[in-house]
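Data block below; observations after.
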Amino acid sequence: MVRALVPVEVLEGETVPPGVLDLLGAAEVVVLGYHVIPEQTTPNQARLSFEEQGAAKLDAIAEAFADAGATVETRLVFTHDEAQTFDRVAGETEADLIVHLNPAMAADDLLVALHGAVAAERIGTVVADLLSTTDTTIHLLEVAGPDADTLNLLDRAERALDDAEIDPARIRTDRVQSDSPVQAIAEAARDVDAIALGERAPDWRELVFGDFEERVAEAALGAVLVVRPDPAGTADGDEA
Numbered sequence: 343m344v345r346a347l348v349p350v351e352v353l354e355g356e357t358v359p360p361g362v363l364d365l366l367g368a369a370e371v372v373v374l375g376y377h378v379i380p381e382q383t384t385p386n387q388a389r390l391s392f393e394e395q396g397a398a399k400l401d402a403i404a405e406a407f408a409d410a411g412a413t414v415e416t417r418l419v420f421t422h423d424e425a426q427t428f429d430r431v432a433g434e435t436e437a438d439l440i441v442h443l444n445p446a447m448a449a450d451d452l453l454v455a456l457h458g459a460v461a462a463e464r465i466g467t468v469v470a471d472l473l474s475t476t477d478t479t480i481h482l483l484e485v486a487g488p489d490a491d492t493l494n495l496l497d498r499a500e501r502a503l504d505d506a507e508i509d510p511a512r513i514r515t516d517r518v519q520s521d522s523p524v525q526a527i528a529e530a531a532r533d534v535d536a537i538a539l540g541e542r543a544p545d546w547r548e549l550v551f552g553d554f555e556e557r558v559a560e561a562a563l564g565a566v567l568v569v570r571p572d573p574a575g576t577a578d579g580d581e582a
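Going by this note's numbering, the residue at position 171 of the sequence shown is 513; the numbering climbs one at a time, nothing skipped.
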């Protein structure tokens, strides 16, 4: 069963849209309620002030996931660095994917965007496990730079879906070249409910412009599922 980490900024009114509830209905879901605190505030101070309010909202979200069929656990953290927190909790819980929440009112179709040095087989396997009991259509899209040799990402992901016996009628495949992969993926995602990406090692562009996954999430309309490598370790954080 796929294990999904869903960070939710509970004290800022963030909610989980219906499409994400449906998409993760067959998953083990870890709902990570979090709140970013000022540097001068300690996590324990924030917990004393806001734990009751945050826990109540977190429980309501957990109940919605359970109603959708998911197995649910929750965590509530107060942190100075949300990205570090996500990495740490994803490692501790051995999450297969991390969900970036965007509006997704349905779970009818999923764009699987393949770009760069990602584990295409791993992405295909996780997507297949997540969607095996649904009718969600799957659009595999490989985006290569104009000077890049193909990494056969499309073929490798499609093979993983085939190995999992996903109905070929549910799968659509495309391969495009673009010197702006974020834009290419965002354009392809305009008419889909959610996007799945592979977690990538950062390159110089990401050090300048931000993580590739974050830029896709900002440009896209639907929720973004970032598939992690096979979980094998933990990351450190600074929250309580």
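Note that CB positions come from ideal geometry on N, CA and C, so glycine has one too.
Query: For Arg532, count neighbouring C-beta atoms within 10 Å of its own C-beta (all shown protein chains included) and say buried if the count is 16 or more, exposed if not.; Result: exposed
Query: Taking C-alpha atoms, which residue in Met343, Glu484, Asp516 and Thr515 lies nearest to Pro523?; Result: Glu484
Query: So is Leu482 buried or exposed if we call it buried at 16+ other beta carbons inside 10 Å?; Result: buried
Query: Under 8 Å between the Cβ atoms of Leu539 and Arg517?; Result: no
Query: What separation, rounded to the nearest whole angstrom, lies between the Cα atoms of Arg498 and Leu456?; Result: 10 Å
Query: Answer yes if the segment 460-475 comes into contact with the segment 421-432, meaning at least three C-beta pairs across the two stretches below 8 Å, and no otherwise.; Result: no
Query: Counting only the same chain and skipping the five closest in sequence on each side, list residues whose C-beta sits under 8 Å from that of Arg501.; Result: Glu463 and Gly466
Query: In terms of DSSP beta bridges, what is Ala486 paired with?; Result: Gln519
Query: How is Asp451 classed by DSSP in three states: helix, strand or coil?; Result: strand
Query: Measure the alpha-carbon distance for Pro359 versus Val441 and round it to whole angstroms.; Result: 12 Å
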